[in-house]
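In UniProt numbering, the protein residues as written are 1 to 624.
First the structure, in the form of structure tokens, and then the observations on it.
Shown next as structure tokens:
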């Protein structure tokens with residue numbers, strides 16, 4: 001027996017080929033010593049000589065580990081099929097524990113997959129493993145296949161939720177607004193206001209029926225005015241009557257009492273799980289800046305107010321949103337020409353589902369057909385551009401995201417999860433991404449400079465640049481676009497930048513963004529210390545820069561002109577902004593007055609190169 005199972009036996013096939021007439025005697029085959037007369041017979045070429053048969057049998061009866069495993073598996077399956085007994089108790093436990101239909105339990109099939117029964121089978125494996133330790137690993141692998149481990153540690157069939165479990169059908173169950181809620185919202189309960197600033201409203205338990213959003217509440221007075229939450233979604237164009245045309249009509253968002261909602265929908269309410277972003281904007285979304293630096297930045301900032309923490313490395317427990325819904329946009333109308341909108345959205349949120357106005361209309365028809373039905377959002381953020389402009393913070397800055405910045409509480413690292421994910425998708429190395437650790441996050445530099453208590457609270461930065469770090473200044477040239485420097489100013493600027501770069505030891509890159517891939521543009525922004533350019537869309541890449549005490553955006557304007565687009569965005573992400581107009585510059589809190597003089601969008605913008613180059617030196621030296 002010991003030789004039968006001895007270690008080191010080479011694996012052999014259980015299928016041994018029968019000898020044939022052409023069989024030749026192997027020279028290594030051992031032949032037992034015999035008398036001379038028998039030896040002559042044993043050396044016969046006949047394949048059926050007694051000596052040859054004895055030698056063959058001796059070799060054939062030396063199985064390897066594989067032979068043993070095959071035999072054991074065969075015996076095991078025979079035992080499972082014929083020898084294992086089942087009883088009604090096994091079926092009862094399976095049906096009770098895993099909620100199988102009674103027909104399945106009664107059929108007798110349940111016992112073969114029930115956790116209780118398979119746990120009994122699993123116990124038998126230990127007996128096999130105890131007999132032959134050398135086969136324990138192989139038997140454990142077989143056990144994992146036949147008897148998978150359940151989440152509770154038992155062996156048996158996994159209790160994974162399937163499609164039928166994932167689709168939640170709800171009904172209004174509360175007669176008041178006091179129903180307890182869980183992390184996903186109070187199932188089928190009254191709506192709740194989680195946060196609000198003009199144009200940015202966070203709901204728990206929001207309902208959609210016949211193309212209208214419904215707030216289920218017995219106390220509508222507890223909510224903001226409708227005009228501060230929504231609008232008709234029409235574009236703002238300054239035409240007579242346009243402002244009034246954008247006021248909500250009452251069909252966009254309605255209040256309904258708990259009792260009326262229960263009477264209207266009954267139990268015909270279907271959940272759209274997760275967080276839903278509802279975008280009611282009717283214009284400007286097909287522009288990289290307005291989409292990324294207003295809508296996306298704003299909705300993410302609103303979302304972060306739900307109280308989840310953020311670390312300097314972008315770690316958070318805040319779940320990714322489930323869907324974004326462009327209520328007023330078609331599949332193509334929200335896409336910008338370079339397709340940065342789509343690239344950024346899906347690099348930041350790979351699992352995000354995106355829906356459009358056609359889907360909105362389809363669901364309106366579906367919910368109104370037959371008996372009234374509704375869809376239900378456990379959590380939702382409603383973003384509305386026109387409503388945001390009715391708020392005090394947007395009206396003073398012309399930035400819709402300014403309202404979202406005032407919504408609830410968060411910390412200075414709130415933008416890091418998105419910034420880091422976009423950079424990782426672009427292939428930026430982690431050591432470059434981590435340059436944000438050299439700074440304080442999204443802290444307005446003007447506020448930091450004048451708030452001693454804030455500086456004390458923030459303390460020291462988490463990390464410092466390496467001693468051999470070389471700052472990078474990126475000049476985004478717009479000389480091929482409609483808004484650009486004069487050729488003379490461009491040449492003067494390049495000459496001054498090159499001279500100061502060599503003298504002060506900082507790196508200079510002069511690029512035309514339209515000639516680079518999206519990944520190259522985003523990666524370059526992550527490496528940039530100071531970004532320089534004429535007012536324009538390319539400066540939107542400041543979103544991916546690391547905010548540090550030396551970071552800056554230098555924006556060149558036509559003389560007398562100024563816009564707050566990139567100034568407001570940079571400052572609120574922790575990056576100092578400088579507005580340069582020919583031979584002068586300004587920064588917060590002393591930024592210029594917003595103005596768009598004739599020539600603002602043209603090709604006659606001028607600048608003194610030496611002024612810009614010296615400003616860069618001073619910023620890198622910490623003087624400004």
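The beta carbon of each residue, even a glycine, is placed where N, CA and C say it ideally should be.
Throw me the rounded Cβ distance for the residue i and residue j pair, which I believe falls under 8 Å.
i, j, result
"residue 314", "residue 399", "That belief does not hold up - the Cβ atoms of residue 314 and residue 399 are roughly 24 Å apart, past 8 Å."
"residue 397", "residue 564", "6 Å"
"residue 459", "residue 547", "In fact, because the Cβ distance is near 16 Å, the residues do not count as touching under 8 Å."
"residue 539", "residue 476", "7 Å"
"residue 248", "residue 231", "6 Å"
"residue 258", "residue 320", "About 31 Å; that fails the 8 Å criterion."
"residue 340", "residue 518", "6 Å"
"residue 625", "residue 297", "Residue 625 lies beyond the range of the chain shown here (1 to 624); nothing can be said about it."
"residue 567", "residue 552", "In fact, because the Cβ distance is near 11 Å, the residues do not count as touching under 8 Å."
"residue 291", "residue 359", "At roughly 19 Å, the Cβ-Cβ gap does not stay under 8 Å, so residue 291 and residue 359 are not in contact."
Which residue comes first and which comes last in the beta strand (DSSP E) that contains residue i?
i, result
"residue 205", "200-209"
"residue 298", "No beta strand (DSSP E) holds residue 298; the alpha helix (DSSP H) holding it covers 297-304."
"residue 222", "That residue, residue 222, is in no beta strand (DSSP E); it is neither H nor E in DSSP."
"residue 193", "192-197"
Go to residue i, then tell me how far its alpha helix (DSSP H) extends in each direction, as first and last residue.
i, result
"residue 277", "Counting along the chain, residue 277 falls outside any alpha helix (DSSP H), though it belongs to the beta strand (DSSP E) covering 275-279."
"residue 217", "That residue, residue 217, is in no alpha helix (DSSP H); it is neither H nor E in DSSP."
"residue 552", "Here residue 552 belongs to no alpha helix (DSSP H); instead the beta strand (DSSP E) covers 552-557."
"residue 324", "No alpha helix (DSSP H) holds residue 324; the beta strand (DSSP E) holding it covers 323-326."
"residue 420", "416-426"
"residue 164", "163-166"
"residue 448", "445-450"
"residue 336", "From DSSP, residue 336 is part of no alpha helix (DSSP H); its letter is neither H nor E."
"residue 626", "What the structure shows of the chain is the stretch from 1 to 624, and residue 626 is not part of that stretch, so it cannot be assessed."
"residue 431", "430-433"
Closer than 8 Å by C-beta to residue i: which residues in its own chain qualify, once you throw out the five before and the five after it? Chain order, please.
i, result
"residue 243", "236"
"residue 357", "326, 327, 328, 329 and 330"
"residue 463", "434, 437 and 438"
"residue 381", "200, 201, 202, 203, 275, 276, 277, 278, 299, 302 and 303"
"residue 480", "512 and 514"
"residue 176", "Note that residue 176 has pLDDT 44, beneath the 50 cutoff, so the model's placement of it is unreliable and the number below is only indicative. Closer than 8 Å at Cβ, skipping near neighbours: 190, 218 and 258."
"residue 448", "440, 454, 455 and 458"
"residue 372", "209, 210, 264, 265 and 268"
Just to confirm my understanding: we take residue i, look at its own chain, exclude 5 residues before and 5 after, and list those with CB closer than 6 Å. What are they?
i, result
"residue 402", "393 and 394"
"residue 581", "557 and 559"
"residue 281", "385"
"residue 377", "206, 272 and 276"
"residue 613", "496, 497 and 500"
"residue 606", "486, 489 and 582"
"residue 626", "Because residue 626 is not part of the residues shown, which for the chain are 1 to 624, the question remains open."
"residue 537", "288 and 289"
"residue 478", "484, 534 and 536"
"residue 347", "422 and 425"
"residue 508", "473, 497 and 501"
"residue 589", "446"
"residue 375", "208, 270 and 272"
"residue 214", "207, 254 and 256"
"residue 470", "507"
"residue 523", "426 and 428"
"residue 168", "271"
"residue 608", "583"
Apart from the five residues on each side of it in sequence, which residues of its chain come closer than 7 Å, Cβ to Cβ, to residue i?
i, result
"residue 569", "293 and 542"
"residue 528", "472, 474 and 545"
"residue 617", "500 and 504"
"residue 597", "558, 560 and 561"
"residue 165", "none"
"residue 599", "558"
Quick check: does the Cβ of residue i come within less than 7 Å of any heavy atom belonging to the ligand PLP?
i, result
"residue 460", "With respect to small molecules bound, the structure shown includes none, and the ligand PLP cannot be examined in it."
Cβ contact (3+ pairs, closer than 8 Å) linking the region 283-296 and the region 253-273: Between the region 283-296 and the region 253-273, the count of Cβ pairs shorter than 8 Å is below three; the stretches do not touch.
Do the region 326-337 and the region 425-444 make contact, defined as three or more Cβ pairs closer than 8 Å? In this structure the region 326-337 does not touch the region 425-444; the number of beta carbon pairs closer than 8 Å is below three.
Where in the UniProt domain "Glycosyltransferase 61 catalytic" (452-548) do unbroken runs of the alpha helix (DSSP H), each at least 4 residues long, occur, reported from the N-terminal end onward? Within the UniProt domain "Glycosyltransferase 61 catalytic" (452-548), the complete alpha helix (DSSP H) runs of at least 4 residues fall at 452-458, 487-504 and 518-527.
Residue ranges of each beta strand (DSSP E) within the region 567-616, 3 or longer: Within the region 567-616, the complete beta strand (DSSP E) runs of at least 3 residues are 576-581 and 584-586.
Kindly confirm or deny that the region 299-310 and the region 408-417 touch, where touching means at least three C-beta pairs closer than 8 Å. In short, these stretches touch, since the Cβ pair count reaches three.
Contact between the region 495-506 and the region 543-558 is defined here as three or more beta-carbon pairs at a separation below 8 Å; is this criterion met? Contact between the region 495-506 and the region 543-558 is absent, with fewer than three C-beta pairs closer than 8 Å.
Just list the beta strand (DSSP E) runs in the region 235-295, keeping only unbroken ones of 3 residues or longer that don't cross its boundaries, in chain order. The DSSP assignment places 253-256, 269-271 and 275-279 as complete runs of the beta strand (DSSP E) inside the region 235-295, in order along the chain (cut-off: 3 residues).
Of all the beta strand (DSSP E) runs that stay within the bounds of the region 346-413, which reach a length of 3 or more residues? Entirely contained in the region 346-413, the beta strand (DSSP E) runs reaching 3 residues are, in chain order, 353-355 and 374-383.
Does the region 209-227 come within contact of the region 241-255, defined as at least 3 CB pairs closer than 8 Å? Because the criterion of three Cβ pairs below 8 Å is met, the region 209-227 and the region 241-255 touch.
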